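Q: Protein chains in written order, with numbering that gives the first Met the number 0: chain U, 0 to 179; chain P, 0 to 179.
My questions will all concern the structure given below.
Number of protein chains: 2
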Amino acid sequence: MLRAAVALADADGLEASSMRRLAQELGVVPMALYKHVANRNELLDGMVDIVFGEIESPPLADDWRSAMRRRAISAREALKRHSWAIGLMETRTPGPANLRHRNAVMGCLREAGFSFQTAIHAYSVQDAYIYGFAQQERTRYLAEIALKLPESGYDNAVEFAWGLDLILDGLDRCLRTARP
Amino acid sequence: MLRAAVALADADGLEASSMRRLAQELGVVPMALYKHVANRNELLDGMVDIVFGEIESPPLADDWRSAMRRRAISAREALKRHSWAIGLMETRTPGPANLRHRNAVMGCLREAGFSFQTAIHAYSVQDAYIYGFAQQERTRYLAEIALKLPESGYDNAVEFAWGLDLILDGLDRCLRTARP
DNA sequence: GACTATAGGTGTACGCCGTACACTTGTCAA
DNA sequence: TTGACAAGTGTACGGCGTACACCTATAGTC
Numbered sequence: 000m001l002r003a004a005v006a007l008a009d010a011d012g013l014e015a016s017s018m019r020r021l022a023q024e025l026g027v028v029p030m031a032l033y034k035h036v037a038n039r040n041e042l043l044d045g046m047v048d049i050v051f052g053e054i055e056s057p058p059l060a061d062d063w064r065s066a067m068r069r070r071a072i073s074a075r076e077a078l079k080r081h082s083w084a085i086g087l088m089e090t091r092t093p094g095p096a097n098l099r100h101r102n103a104v105m106g107c108l109r110e111a112g113f114s115f116q117t118a119i120h121a122y123s124v125q126d127a128y129i130y131g132f133a134q135q136e137r138t139r140y141l142a143e144i145a146l147k148l149p150e151s152g153y154d155n156a157v158e159f160a161w162g163l164d165l166i167l168d169g170l171d172r173c174l175r176t177a178r179p
Numbered sequence: 000m001l002r003a004a005v006a007l008a009d010a011d012g013l014e015a016s017s018m019r020r021l022a023q024e025l026g027v028v029p030m031a032l033y034k035h036v037a038n039r040n041e042l043l044d045g046m047v048d049i050v051f052g053e054i055e056s057p058p059l060a061d062d063w064r065s066a067m068r069r070r071a072i073s074a075r076e077a078l079k080r081h082s083w084a085i086g087l088m089e090t091r092t093p094g095p096a097n098l099r100h101r102n103a104v105m106g107c108l109r110e111a112g113f114s115f116q117t118a119i120h121a122y123s124v125q126d127a128y129i130y131g132f133a134q135q136e137r138t139r140y141l142a143e144i145a146l147k148l149p150e151s152g153y154d155n156a157v158e159f160a161w162g163l164d165l166i167l168d169g170l171d172r173c174l175r176t177a178r179p
């Protein structure tokens with residue numbers, strides 16, 4: 000059922016995946032859904048957690064920088080596949096996949112030598128960038144900025160990596176110099 | 000009318016500022032609103048542009064780094080005042096204040112010596128961070144991360160500035176070394 | 001002063017939405 | 001055979017955006 004909801008939202012947008020529409024898609028009456036989910040909010044929670052499950056979690060033992068890089072890129076890709084989730088990832092009450100992911104990231108950063116406080120900062124700045132970028136990407140096509148860029152080889156993945164590396168460089172420097 | 004809509008959304012959230020509720024607030028019948036606005040989307044566009052108007056635009060002649068810093072901080076504050084706008088700033092079709100702001104930022108960056116391409120990158124990474132951070136901030140209170148931090152002097156403004164300066168440092172370095 | 005165009009407000013109605021509540025049905029354990 | 005229980009059904013309510021036809025007061029022209 001969550002799978003169906005995600006597929007529907009992928010195909011026709013979030014507002015199309017209404018309880019009624021989803022029920023119809025499943026060949027069932029709307030109220031039947033409420034036997035599996037308390038309400039629409041809980042449905043959204045479940046859908047968002049599916050997306051979280053698609054993001055690659057950083058392994059503990061790995062070199063932190065490339066682990067973080069892979070995680071960020073996989074997050075962007077997941078959000079590109081499910082762009083309806085972009086506004087929701089940080090708003091919904093976190094599900095199991097979300098918590099597992101958070102633990103993995105924090106673990107990886109602590110392991111790498113970041114202090115608890117700095118790891119929080121590092122996590123925060125990365126996620127802010129990832130989610131903010133995904134949000135931008137959804138709309139960039141109509142901004143006049145984009146109009147002159149495609150022919151000059153503009154690529155969202157490259158743009159994303161540019162900012163990501165800038166941030167990771169900063170974090171790396173901050174780790175080496177033990178900046179607070 | 001836009002003013003009233005913004006006030007209503009500030010007070011009771013975006014979903015509370017429905018056409019019907021807004022009309023009621025203005026002592027008028029719902030359909031009366033449609034004499035001033037084509038539909039709800041256009042209303043949202045107007046509301047978002049009001050928020051854009053509250054963000055400090057960087058002056059052309061100023062030192063770019065502090066100008067960008069002030070702009071970012073004022074943007075975060077505007078989004079804190081109008082947190083309903085967070086998901087919308089980049090999704091709506093841009094209004095006059097939005098365009099004016101964009102021009103000011105690009106002008107300031109070009110003036111500072113960034114190439115066109117790099118200015119795009121710089122703009123993109125900053126905005127992604129600003130909007131992404133604002134989005135996080137809306138929810139951070141329920142994340143378990145926050146639970147242990149308030150007593151240890153945690154402050155969202157400080158957190159924001161930490162990441163912002165990390166990014167600005169990166170941009171500054173990139174400007175000095177003429178990195179592509 | 002009479003006439004009319006127009007901006008703004010009104011009332012009704014339609015089809016969506018989420019969901020409360022009471023009901024049926026199919027399955028399986030005791 | 002019985003009874004509990006998970007899953008599906010049907011009806012109904014209040015809220016939403018908004019299409020469409022109507023009214024009314026003001027302002028400009030002759």
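Using N, Cα and C, we set each Cβ at its ideal position, and we do this for glycine too.
Just so you know, these numbers come straight off a predicted model, no measurement behind them.
Report the rounded CA-to-CA distance for ARG28(U) versus ARG39(U), giving the unit in angstroms.
A: According to the sequence as given, residue 28(U) is Val; it is not Arg. Between VAL28(U) and ARG39(U), the C-alpha separation is close to 15 Å.
Q: Could you name the residues of chain U that TYR33(P) contacts, counting a contact when the two beta carbons are closer than 9 Å?
A: Chain U residues near TYR33(P): none, gap ~21 Å exceeds 9 Å.
Q: When burial is assigned at 16 or more other CB atoms within 10 Å of the CB, is PRO93(U) buried or exposed?
A: It is buried - the Cβ of PRO93(U) has at least 16 other Cβ atoms within 10 Å.
Q: Can you look up HIS81(U) in the DSSP assignment and give me helix, strand or coil?
A: Coil at HIS81(U), not helix or strand.
Q: Mapping DSSP to helix, strand and coil, what is GLU158(P)?
A: Note: GLU158(P) maps to helix in three-state DSSP.
Q: Helix or strand or just coil, what does DSSP make of LEU7(U)?
A: Three-state DSSP puts LEU7(U) in a helix.
Q: Report the CB separation of TYR128(U) from MET105(U) in whole angstroms; it is logged as a contact under 8 Å.
A: With 8 Å as the limit, TYR128(U) and MET105(U) do not qualify as a contact, their Cβ atoms being about 17 Å apart.
Q: Is there a Cβ of chain U sitting closer than 7 Å to that of PRO179(P), yes or no?
A: Residue placement at PRO179(P) is poorly supported in this model, since its pLDDT is 47, which falls under 50; the coordinates still yield a value, given next. For PRO179(P), the answer is no, since every Cβ of chain U falls outside 7 Å of its Cβ.
Q: Run through DSSP, which three-state label would PRO179(U) get?
A: Because PRO179(U) sits at a pLDDT of 46, beneath the cut-off of 50, its placement in the model cannot be relied upon, and the following sentence gives the value as read from the coordinates. Coil at PRO179(U), not helix or strand.
Q: Give a yes or no on whether 7 Å exceeds the smallest Cβ distance from TRP161(U) to chain P.
A: Yes, TRP161(U) counts as interfacial toward chain P.
Q: Assuming VAL189(P) and HIS81(P) are in contact, meaning their beta carbons sit under 8 Å apart, how far apart are those beta carbons, in whole angstroms?
A: A question about residue 189(P) goes unanswered here, because the residues of chain P that appear run from 0 up to 179.
Q: State whether the segment 18 to 28 of chain U contacts the segment 69 to 88 of chain U, with contact taken as three or more CB pairs (one from each stretch) at a distance under 8 Å.
A: No, they do not touch.
Q: Are ASP48(P) and ASN97(P) touching if we call contact CB-CB under 7 Å?
A: Yes. Within cutoff.
Q: Does LEU187(U) come within less than 7 Å of chain P when only Cβ atoms are used?
A: With chain U running from 0 to 179 in the structure shown, residue 187(U) is simply not present.
Q: Does chain U have any CB closer than 7 Å to the CB of GLY131(P)?
A: Yes, GLY131(P) counts as interfacial toward chain U.
Q: Taking the CB atoms as reference points, tell me whether LEU1(U) and LEU21(U) lie closer together than 7 Å.
A: No. Outside cutoff.
Q: Have a look at TYR33(P), ARG172(P) and PRO57(P) and flag the residue whose alpha-carbon is nearest the alpha-carbon of THR117(P).
A: Comparing Cα positions, the closest option is ARG172(P).
Q: For ALA60(P), tell me which candidate among ALA156(P), LEU108(P), ILE166(P) and GLU136(P) has the shortest Cα-Cα distance.
A: When only C-alpha atoms are compared, the closest one is LEU108(P).
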